[in-house]
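Chains as they are written, first to last, in this note's numbering: chain A, 1 to 270; chain B, 1001 to 1358; chain C, 2001 to 2671; chain D, 3001 to 3311.
Each residue gets a CB set at the ideal place from its N, CA and C atoms; glycine is no exception.
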Amino acid sequence: MTTRTTPCAGSEAAETEVILDLDDISLSFGGVQALESISFDIRRHEIRAIIGPNGAGKSSMLNVINGFYHPQKGTITYEGVVVKAMKPYHAATRGIARTFQNIALFKGMSTLDNIMTGRVNHMHAGLLAQALYIGKNRREEIRNREFVETIIDFLEIQAIRNTPVGRLPYGLQKRVELGRALAAEPKLLLLDEPMAGMNLEEKQDMSRFMLDINEQYGTTIALIEHDMAVVMELSSRIVVLDYGRKLADGKPDEIRHNKDVIEAYLGVAN
Amino acid sequence: MFYREAGDFKTTYKADQAIFPIALDRWFVVTVVLVFLVVVPLLASNYMLESILTPVLILSIAAIGLNILTGYAGQLSLGTGGFMATGAYMAYKISTAFPGLNIVFVLIAAGLCAALVGIAFGVPSLRIKGFYLAVTTLAAQFFLLWLFTRVPWFVNNSISGVPTAPPRKVFGFLVSSADSDPIDRYLFVFIITVVLALVAKNLARSRIGRMWMAIRDMDIAAEIIGIRPLTSKLTAFAISSFYCGIAGALWSFAYINTVEPTAFDINRSFEILFMVIIGGLGSILGSFLGAAFIFLFPILLNVMPGWFGLEISVTLVTQVELMVFGGMMIFFLIVEPHGLARLWSIGKEKLRLWPFPH
Amino acid sequence: MARHWSLVTSIKTAVGASGLLNEDTPSSEGAAADTFPKLLLRNAEQLASHPAIREKEFGIWHTRTWSEVKSEVEQLAGGLLALGFERGDKLLIIGDNRPQLYWSITAAQCLGGIPVPTYQDAVADEIQYVLEHAEARFVIAEDQEQIDKVLEIQEHCPLVQHLIYDDPRGLEKYSTGSDRIHAFTVVQEKGRQYLDKHPGFFINSCQQGKGVDAAVFLYTSGTTGRPKGVVLSYDNFVKTARSGIELEHLTADEEVLAYLPMAWVGDHLFSYAQSYCAGFCVSCPESAQTVQQDLREIGPTYYFAPPRIFENMLTTVMIRMEDAGIIKRQMFHYFLAVARRVGSDILDGKPVSFLNRVRYWLGEWTIYAPLKNTLGLSRVRLAYTAGEAIGPDIFSFYRSLGINIKQLYGQTEAAVFVTIQPDGEVFPDTVGKPAPGVEIEIQDNGEVLYRSPGVFLEYYKNAQATRETKDEEGWVHTGDAGYFDQVGHLRIIDRAKDVGKLTNGELFAPKFLENKLKFFPQIKEAVCFGDNRSFVTAFVNIDLDAVGNWAERENIPYASYQELAGHEKVYSMVNDCILQVNKDLTADPKLASSTIHRFLILHKELDADDGEMTRTRKVRRRVIAEKYAVLIDALFEGQGVCHVDTEVTFEDGRKGVISADLEIREISSAA
Amino acid sequence: MDMLYNILIAPFLEIAKSPSFFAEVVIGGLMSGVMYSLVALGFVLIFKASGVFNFAQGVMVLFAALNFSGLLDAGLSIWLAFPLTVLIMVLLAWCIERLVLSKLVNQQDIILFMATIGIGYFLQGFGEFLWTGNVRKLDVGIPQDAWFFGDIMIQQSDVFAAVVAGILVIVLALFFQYTRIGRALRAVADDHQAAMTVGIPLRSIWLIVWSVAGFVALVAGIMWGSRVGVQFSLSVIALKALPVLILGGFTSVPGAIIGGLIIGVGEKVAEIYWGPLFGGAIEEWFAYILAMLFLFFRPQGLFGERIIERV
């Protein structure tokens, strides 16, 4: 996507700058304690994995980040600004996009329209211009269509451009959802188990896409994934959650040998 | 079978995003519009023009309005009658207050008033979802009807309470009041309908249309990718009521020539809801098909016995009408929940794929 | 009838356009445009605003006129010069059909260099052989996938100095800080600067080329041993292209879809040489998966496809029609029968009864036109097929729909045309009359020899093979056996060296038998054995789609290809097919004795990755004879069942072994 | 300013002046509230068991009353006409389940909602087709005269209706809570597929539910018919049932009753005291505006379950 200046990923200075910091986050639904005083940060341009057994609070954490749930305790600082009760669409306009564990595509629309919907905050034609489809609106529709087409080309889904998403196989629906998230040109991309239910080949494609997104467009990725091979290979740093508490946080090989993590996953060897 | 798409490739996005990218569709629509614009006024009888085509067109405008709200934005509404009434009464007030004002501006002003009322009753839709919304729109329906019948200011304190619509001219052609020529009235309404249909189609295929459809399909996901539910729902209510307002105004000015509340009661709301459902949710074409079907069906029912020579009492006809209406409604919801428009698009798809089945 | 009328008009327009063609028009370059660089300059001048090449990208078709192509080629050539490209250098080109790669061909030729297009699905060591053999110093690759292949074998090819890529996807890291890997646009930018410093260099460099110079290396995917580098001159392609254009009255307004591999001589002639000579526009599809959609969008007027593609298209049509409603299906089959009866005659302008014309007209309106439209062939004025024999009923199916499909016989060594079926004289089982300027001789062992302006210069660095194939007077040994029938059309029966003799001395042409078997939709591939044996036996590969679909309707459960292949009902079905072939064979005295006596259905599909076939799906007999020797002997000894373990390479390169017990079935009319 | 005075303060002064008139208005309101509750009860039953928002409940009341009064006019005694009408309602329930519901099993709510509107139209036409549409007096021996407590006049028929409604509510509450079928009904309401997988015969459950709703409609029809006569206006009360459900919550039986009473009383009081200020007949829209306000603060109504949205 030539339109965006792509900061080269190599320089160390940009690497350390923190894009999102979660400090002492606690979240509960009625009596259920989903998250308990969790703190960790995500640095710019890194692939940050969030792993843990089922029910560890991973998805809830993602929902806190993009403002769908509001934590009872703790502060969220995004790009250096402390964020109070952020509405989901605020998060979107500030560059946080996400995909869902069980796909949340708009069934009534085609692949192209679904991804174009991701461009909603980048289009500003007035109501009248849209009504008459002239001038600003037409130019804007074409400019954004070109941008979306680069995404379609990037994700290699040219052949299903006009098929209604309801008819697509699982793997392709995941790709369209990723396309929609990319369309918003996010700074932080939250991926909720992008590879669940995929075969080997689809997983290889998805990992390739994630690496290209991270390298080519410098998008920071927060990744929830159960496939350890993928997590260990792709992520720069990993945070491990268990029963709503933070168990460990560090580089992949640190996590691989961390006793608590092994216990949490394989059960206590007594 | 008739489609010849080979060799019709697109070299610009403008062509690719046209309303009718396929050549045959373009020609088909152009011919249909020309036929109704030129041929029909010449050949059709006054009765056909005055009491069949004009009302069907006006109801299509209202159906397009409701389709924008329920079909595209997914917000159920039973208040269409109320919004039409707002349009009719405000048009009457404005045209009597400013006699010099051209009828077109009166219509637009009436539409805007209805849009404001629409927004007012649209605010609750932010917190209420699904068919609970039926209640708020029902509130609008009954409240507005009550308002216009109870408060004499709206009818300039006319004694009968049912004022006649003042005669108005457009480019010298008399388009409202009883003694205007049916052809002029028909053409006036036809042009407005075509313009409004085009506008609705443009809205549906640009940003606001996608926002509506996103809210309809999965509002949580829509909110998370940055669509503000407030703006999209309220614009849907506003534009939908704008269309209903204009339809109401036209109904009084160009069809029944009086401004009476019974024309816009709860049954009118149900009728237009039927049109949108049987016509097809989320399709401009569906609104036209639905309007024509629902309006013509009772007339057909009354005329048909005549063909077979058996005389049926009027009450029996109304009863049969009700039964068949209810039956048709259920039949359509079972066979094709997406209505005539879906049958139309399936037919078109079959022709494009002919002779293959899929 | 309609057919004649269009023929007449196309002659008129051809004369207008052919002003471009005949050599003696006083074009600006004095001597006739006899090389592609000169043709480029001429087209850029005389057809400046006419579309030259088109590509679907980002959802719409981007068109470039001849003048734009000239500037693109000029900049690329400049860039190559800046990187040190000299006259005589080779430029390896690998990737799908994309405008940038076609421009690379012309750019290399403008600098007196030689382009070497390669198969995009070739594995790394095949590319390594071509790179080393052609001693190419420059490589232009389409995308990361191809660049990775070249980088993988880098240490074996020290000669390769510069790698240029077109699609930047995932390649930023490669090119930053390396002087060997460059982006296409960066090279063009260098080219602009270079040409500013050397004005006029590009034009006179184009002028220097002569007709006899080597224009391109095309590596044949020979059925035996390593591929040979066929050197073809400008004259070979320009003269052959022009004779084809005149014969078929092609104009500058043709539409062609370039979807076949660029390394194949067919694509080089139809999508490159003829486009430069006639000036028509070539369209590149968006991606490999969208070829069918793009075919329908472009609606080509001039179409070329190997028989396998026509065959697949027919099978999909038949399978899709199976699911149609009864009325539609009956209507379809009724009108198909009408077309089969009179369609070809109407196309050839032969007399047809009035009633049939009306039925055909009705069929045209309800079935044929929509069918051609859905397949994207409704604007096809001329369709060629070659490379191997096409099934008679497949061939007549398309002709009966009014698609002017014609067979031709050609070779890479002949820059394609050897024989072409002229309009009006089209038969399902011949390959036509000698093309303009081509002389043909049949040797006593049946081998076909030809001489034509299109005959190649030599096999690069393989003088011995050149001598074997081309003798002093220029006669080329095709290696195919054939004979001229009474109508003067050549009939190819088999590969010369494969034509064997049965023990009773009769002729045994395995290819001829195999093609007859493959014309049945259920049979995808067949291999016959009979050379110096007393009778003929065969291996059969069933077509998974067709048989699978049939099994579904017969509700026969099957979990894998192997299980379906071994099923009793499938065996009897193949048996019936062979019976029918045997019936046709006994009708022809020359081939009566090579009827098939025994057969078995292979448990795996013959595949190019296992080396059992060439890239263009031609059977490699020697490889199969070695690999399945056990099975062949079992066939001739008549064992009931034979166990076999075969090594297989999976899609991602892993090797594995499949073992199976294959049933050997005796052909009997009672079965 | 005086507008505010009239709205807020004046009514209370008047109540203080004539408490008995106010009591009478309240009781009158209660009685019409009972009617709303009975209709709302039918809504709740069907919604609770099948998740269908049955817009045709109002017309079923009219249809039941029409059949019952028709049979009575045809000379049958009450003890014969009543069970016969109940049978007709069960038959109707069977047809609705067979022809409509079974075909729309997992459609979205909006489709089912519109189907019930279709059923409503059909029943209206069919009812009038069977028993001609003229208004009919319905007398089933419910005492018509009134009692007097001090100067407050209470219609006996209203008391009788209240008692019947009370009995019905208790029976239904017990039925839902403790019987096996009741538990199955609640399971079906949560998730059709899940219930089916557990082996609950979905079709028969719906049959029972719609029949009971038909029975409730019959009772409401009789009560309502004996007061104002059997006529088309009965089916309009269905629209009034909507606000009742909003207040009471869609899934609770007690909620329907209390909601009905609140609306009944609220309407009458508002009509008497605020009516004249706005030009009268505010009864038409008062219930809806009240429900709308209520929806703002407690969308799930008094007793309904809290709606939690998960991503």
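Cβ shell of residue i (< 6 Å), same chain only, five flanking positions each side left out
i                 : result
Met1275 (chain B) : Ala1063, Gly1290, Ala1291, Ile1294
Gly10 (chain A)   : Model confidence at Gly10 (chain A) stands at a pLDDT of 41, short of 50, so the residue's coordinates are unreliable and nothing is read from them.
Gly3070 (chain D) : Trp3131
Gly3314 (chain D) : Chain D is shown only over 3001 to 3311; residue 3314 (chain D) falls outside these bounds and no answer can be derived.
Val1976 (chain C) : As displayed, chain C neither begins before 2001 nor continues past 2671, which places residue 1976 (chain C) out of reach and without an answer.
For residue i, the three-state DSSP class (helix, strand or coil)
i                 : result
Leu2092 (chain C) : strand
Ala2258 (chain C) : coil
Arg48 (chain A)   : strand
Gln2443 (chain C) : coil
Ala1018 (chain B) : coil
Gln1075 (chain B) : coil
Trp3147 (chain D) : strand
Leu2600 (chain C) : strand
Met1323 (chain B) : helix
Leu188 (chain A)  : strand
Lys2583 (chain C) : helix
Pro252 (chain A)  : helix
Arg98 (chain A)   : strand
Arg2329 (chain C) : helix
Close Cβ partners of residue i (< 7 Å) along its chain, the five nearest in sequence each way excluded
i                 : result
Thr2586 (chain C) : Ala2592, Thr2595
Pro252 (chain A)  : Met232, Ser235, Ile238
Gln2144 (chain C) : Arg2169, Gly2170, Leu2171
Leu1069 (chain B) : Gln1075, Ser1077, Ala1236, Phe1237, Ser1240
Closest residue to residue i among the options (Cα-Cα distance)
i                 : options                                    : result
Gly52 (chain A)   : A:Asp253, A:Leu223, A:Glu233               : A:Leu223
Val2265 (chain C) : C:Asn2236, C:Val2499, C:Leu2635, C:Ala2278 : C:Asn2236
His2597 (chain C) : C:Ser2668, C:Glu2055, C:Pro2510            : C:Ser2668
Ala2288 (chain C) : C:Lys2056, C:Asn2555, C:Gly2638, C:Ala2044 : C:Lys2056
Val3253 (chain D) : D:Asn3067, D:Ile3167, D:Trp3206            : D:Ile3167
Cβ shell of residue i (< 8 Å), same chain only, five flanking positions each side left out
i                 : result
Tyr2483 (chain C) : Ile2442, Gly2446, Leu2490, Arg2491, Ile2493
Lys2433 (chain C) : Thr2419, Ile2420, Gln2421, Pro2422, Glu2425, Gly2488, His2489, Leu2490
Phe1009 (chain B) : none
Ile3318 (chain D) : This structure gives no information on residue 3318 (chain D), because the portion of chain D shown stretches from 3001 to 3311.
Runs of beta strand (DSSP E) wholly within the stretch 195-237 of chain A (minimum 3 residues, chain order): Along the length of the stretch 195-237 of chain A, whole beta strand (DSSP E) runs at least 3 residues long occupy 220-224, reported in chain order.
Specify whether the stretch 2370-2380 of chain C and the stretch 1344-1357 of chain B touch according to this definition: at least 3 beta carbon pairs, one from each stretch, less than 8 Å apart. Yes: the two stretches touch, three or more of their Cβ pairs being nearer than 8 Å.
Closer than 8 Å is the cut-off here; do at least three beta carbon pairs connect the stretch 154-168 of chain A with the stretch 1217-1234 of chain B? Judged by Cβ distances under 8 Å, the stretch 154-168 of chain A makes no contact with the stretch 1217-1234 of chain B, as fewer than three pairs qualify.
Kindly confirm or deny that the stretch 3013-3025 of chain D and the stretch 3263-3273 of chain D touch, where touching means at least three C-beta pairs closer than 8 Å. Yes, since at least three Cβ pairs between the stretch 3013-3025 of chain D and the stretch 3263-3273 of chain D fall closer than 8 Å, the two stretches touch.
Every unbroken beta strand (DSSP E) inside the stretch 2122-2156 of chain C [3 residues or more]: Runs of the beta strand (DSSP E) inside the stretch 2122-2156 of chain C: 2138-2141.
Which runs of the alpha helix (DSSP H) at least 4 residues long sit entirely within the stretch 2523-2561 of chain C? Give them in chain order. If we require 4 residues or more, the alpha helix (DSSP H) runs fully inside the stretch 2523-2561 of chain C come out as 2544-2553.
Inter-stretch contact (C-beta, 8 Å, three-pair minimum) for the stretch 2063-2078 of chain C and the stretch 2291-2301 of chain C: Result no; under three Cβ-Cβ pairs closer than 8 Å.
With a threshold of 8 Å, are at least 3 pairs of Cβ atoms found where one atom belongs to the stretch 2035-2043 of chain C and the other to the stretch 2066-2076 of chain C? Taking one beta carbon from each stretch, the stretch 2035-2043 of chain C and the stretch 2066-2076 of chain C have 3 or more pairs nearer than 8 Å; the two touch.
May I ask you to verify whether the stretch 2143-2158 of chain C touches the stretch 2116-2124 of chain C, counting CB pairs closer than 8 Å and requiring at least 3? Here the stretch 2143-2158 of chain C makes contact with the stretch 2116-2124 of chain C; the two share three or more CB pairs at distances below 8 Å.
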